[in-house]
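Take the sequence shown: its position 103, counting from 1, is numbered 85 in my numbering, and each next residue is one higher. Quick reminder that beta carbons are idealized off the backbone N, C-alpha and C, glycines included. Below is one structure, written out as structure tokens; comments come after it.
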Amino acid sequence: MNRPIRILFSSLSILIVIAVLSTQSACPNAHAAKFTDNDFQEQRLAMVESQIMERGVKDRSVIEAMMAVPRHKFVSENYLNRAYDDSPLPIGYGQTISQPYIVAYMTEILNLNKNSRVLEVGTGSGYQAAILSPIVKQVYTIEIIPELAKSAAVRLKDLGYHNVEVAIGDGYFGWNKYAPFDAIIVTAAAGHIPPPLIEMLKNNGRMVIPVGGSFLIQNLILVTKDKDGNVTTRNLIPVRFVPLTGRHN
Ligand code: SAM
-17 MNRPIRILFS SLSILIVIAV LSTQSACPNA HAAKFTDNDF QEQRLAMVES
33 QIMERGVKDR SVIEAMMAVP RHKFVSENYL NRAYDDSPLP IGYGQTISQP
83 YIVAYMTEIL NLNKNSRVLE VGTGSGYQAA ILSPIVKQVY TIEIIPELAK
133 SAAVRLKDLG YHNVEVAIGD GYFGWNKYAP FDAIIVTAAA GHIPPPLIEM
183 LKNNGRMVIP VGGSFLIQNL ILVTKDKDGN VTTRNLIPVR FVPLTGRHN
């Protein structure tokens, strides 16, 4: 081979090696590379308009939180392109981040304000806690799977949700140290309404909880306590949640 042709071939092979290497290193972030923050913001706006407001959620503070919280930071790399879909998504360990509409609906039902102290059972990715964070004074959230609790705590801290405290434990028993709560939100389906949670609800407080078996019909139930401590329950809508686990049954 004469010299110019040899130089051309070796330059071509260097280019090919660089191209292959850069494709390989781009692979793990392939989904991330596809979207900019602007893209995500547009997707979030569309989500809020078509999934949340059109279905009747009206509370301004809930709408603003759903608009502000970057849901894509709470899903794994593999699901980045579906972060704003109208559905729950896997978060590992057989668990899910709930559908955006259900998060908004459950939050609105609690009638929260800037003085509310809220207990969440089922931290999961931390997304529901992040939605609650700007609306209330303090969020306490309990997760039974230690790995999920730890990663949610780091994620929430990194994203600046400083009024959220995360604990590892069985949320069936609530969180004695900070009880009673103005509101309780349970994000896994229980076989019955846990008596310790009713106990830890303040007078005039509200709890929202999915009740029903894993493969059976579940209903979202609103539990209210009046000013004298009398408890009433109301069926809201049929839902499908992962089960509340633990040894309490
Ligand atoms: N709220 C979460 C979010 O925003 O990503 C989604 C919650 S996921 C539908 C239900 C979560 O409840 C799971 O992470 C699961 O491990 C947790 N869980 C199930 N049983 C629990 C229990 N007894 N105590 C605390 N967490 C529990």
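Shown here, LEU27 sits in a helix according to DSSP, grouped into three states. Assignment of ALA161 by DSSP, reduced to helix, strand and coil, places it in the coil class. Here the distance from the Cβ of THR227 to the nearest heavy atom of ligand 1 is below 7 Å. ILE203 is bridged by DSSP to ILE191, ASN217.
The beta carbon of SER196 sits no closer than 7 Å to any heavy atom of ligand 1. Sixteen is the threshold: when 16 or more other Cβ atoms of the shown chains lie within 10 Å of the Cβ of LEU226, as they do, the residue is buried. At least one heavy atom of ligand 1 lies closer than 7 Å to the C-beta of LEU130. Rounded to the nearest whole angstrom, the CA to CA distance from ILE175 to ASP152 is 14 Å. With a cutoff of 8 Å on beta-carbon distance, ILE219 and VAL190 are scored as not near each other. In the structure shown, ALA149 falls within a strand segment according to DSSP collapsed to helix, strand and coil. Here ASP164 is buried: its Cβ has 16 or more other Cβ atoms, across all protein chains shown, within 10 Å. Contact between the region 81 to 95 and the region 35 to 44 is established, with three or more Cβ pairs separated by less than 8 Å. Taking a contact to require three or more Cβ pairs closer than 8 Å, the region 198 to 212 and the region 120 to 138 do not qualify as touching.
Closest in C-alpha terms to ILE113, from the list ALA170, LYS55, GLY76, comes LYS55. If you compare the alpha carbons of GLY156, SER196, GLY104, ARG64 with that of MET182, the shortest gap goes to GLY156. Assignment of ASN63 by DSSP, reduced to helix, strand and coil, places it in the helix class. With a cutoff of 8 Å on beta-carbon distance, LYS119 and SER133 are scored as not near each other.
Taking non-hydrogen atoms of ligand 1 into account, the C-beta of GLY38 is found less than 7 Å away from none of them. Between the alpha carbons of VAL30 and PRO162 lies a distance of about 32 Å. Here the distance from the Cβ of ALA170 to the nearest heavy atom of ligand 1 is below 7 Å.
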